[in-house]
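What follows is a single structure, written as structure tokens, with notes after it.
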Amino acid sequence: MKSIISTDKAPSAIGTYSQAVKVKNTVYLSGQIPLVPETMEVISEEFSEQAEQVFKNLSAVCEAAGGSINDMVKVNIFMTDLSNFATVNEVMARYFEQPYPARAAIQVSRLPKDVAIEIDGVLELPSVT
Numbered sequence: 056m057k058s059i060i061s062t063d064k065a066p067s068a069i070g071t072y073s074q075a076v077k078v079k080n081t082v083y084l085s086g087q088i089p090l091v092p093e094t095m096e097v098i099s100e101e102f103s104e105q106a107e108q109v110f111k112n113l114s115a116v117c118e119a120a121g122g123s124i125n126d127m128v129k130v131n132i133f134m135t136d137l138s139n140f141a142t143v144n145e146v147m148a149r150y151f152e153q154p155y156p157a158r159a160a161i162q163v164s165r166l167p168k169d170v171a172i173e174i175d176g177v178l179e180l181p182s183v184t
């Protein structure tokens, strides 16, 4: 049985998808881009500000699912320029504690709303006994 995760603390879905879907203790997070939830506008052209907003958005969805960003077990990072890799590492280090999740970082030619970064992933909630 699946349940849909939704929060107004992250951007609403722009299309035919949910912010996240929970199946048992696993939560599949849709890609987050650097939209400010209140305005649904891109936060800035500055890459570091975009990365920061994406991690804020992911954190909000993780919390709505009953966990935290540190419960993520897999992260997929899509960037339009891999030269921003070091900046992603710096921002990510402010959100995650060790042990870090598995991760992929991929350069793509274009992302929605012409942003520079999008991140999705998988969250594993602690078992409740």
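Heads up: the sequence shown is residues 56 to 184, going by the numbering used here. Ideal placement from N, C-alpha and C gives every residue a C-beta, glycine not left out.
Phe140 and Ala160 look like a contact to me (Cβ under 8 Å); what is the Cβ gap, rounded to whole Å? In the sequence shown, the residue the question calls residue 140 occupies position 85. In the sequence shown, the residue the question calls residue 160 occupies position 105. Contact flag correct, Cβ pair sits at about 6 Å.
Asn155 - DSSP class collapsed to helix/strand/coil: In the sequence shown, counting from the first residue as 1, residue 155 sits at position 100. The identity of residue 155 in the sequence shown is Tyr, whereas the question assumes Asn. In this structure, Tyr155 counts as coil in the three-state DSSP scheme.
Would you mind working out which of Ser164, Gly70, Ile59, Leu90 sits nearest Leu137, comparing C-alpha positions? By 1-based counting over the sequence shown, the position of residue 137 is 82. Closest by C-alpha distance to Leu137, out of Ser164, Gly70, Ile59, Leu90, is Ser164.
Helix, strand or coil for Met95, going by three-state DSSP, please let me know. Sequence index remark: in the sequence shown, residue 95 carries index 40 (1-based). Annotated three-state conformation of Met95 is coil, per DSSP.
Tell me whether Gly122 is buried or exposed, calling it buried when 16 or more other Cβ atoms sit within 10 Å of its Cβ. For the purposes of this step, residue 122 is taken as residue 67 along the sequence shown, with counting starting at 1. Buried, since its Cβ has 16 or more Cβ neighbours within 10 Å.
Taking the alpha helix (DSSP H) that Glu173 falls in, what are its first and last residues? Indexing the sequence shown from 1 puts residue 173 at position 118. Element bounds for Glu173: not the alpha helix (DSSP H) but the beta strand (DSSP E), 172-179.
Who are the near neighbours of Thr142 in its chain, counting only those whose CB is closer than 7 Å to its CB and skipping five residues on each side? Along the sequence shown, read from residue 1 onward, the residue named residue 142 stands at position 87. For Thr142, same chain residues with a beta-carbon under 7 Å away, outside a window of 5 residues either side, are Phe102, Ser103, Ala106 in chain order.
Decide if the stretch 142-155 is in contact with the stretch 62-76; the criterion is three or more beta carbon pairs, one per stretch, under 8 Å apart. With the cut-off at 8 Å, the stretch 142-155 and the stretch 62-76 do not touch.
Using a Cβ-Cβ cut-off of 8 Å (strictly less than) and excluding sequence neighbours within five positions of Ile174, which residues of its own chain qualify? As a working mapping, residue 174 is identified with position 119 in the sequence shown. Within the same chain, Ile174 has close Cβ partners Gly86, Gln87, Val109, Phe110, Leu113, Val130, Asn131, Ile132, Phe133.
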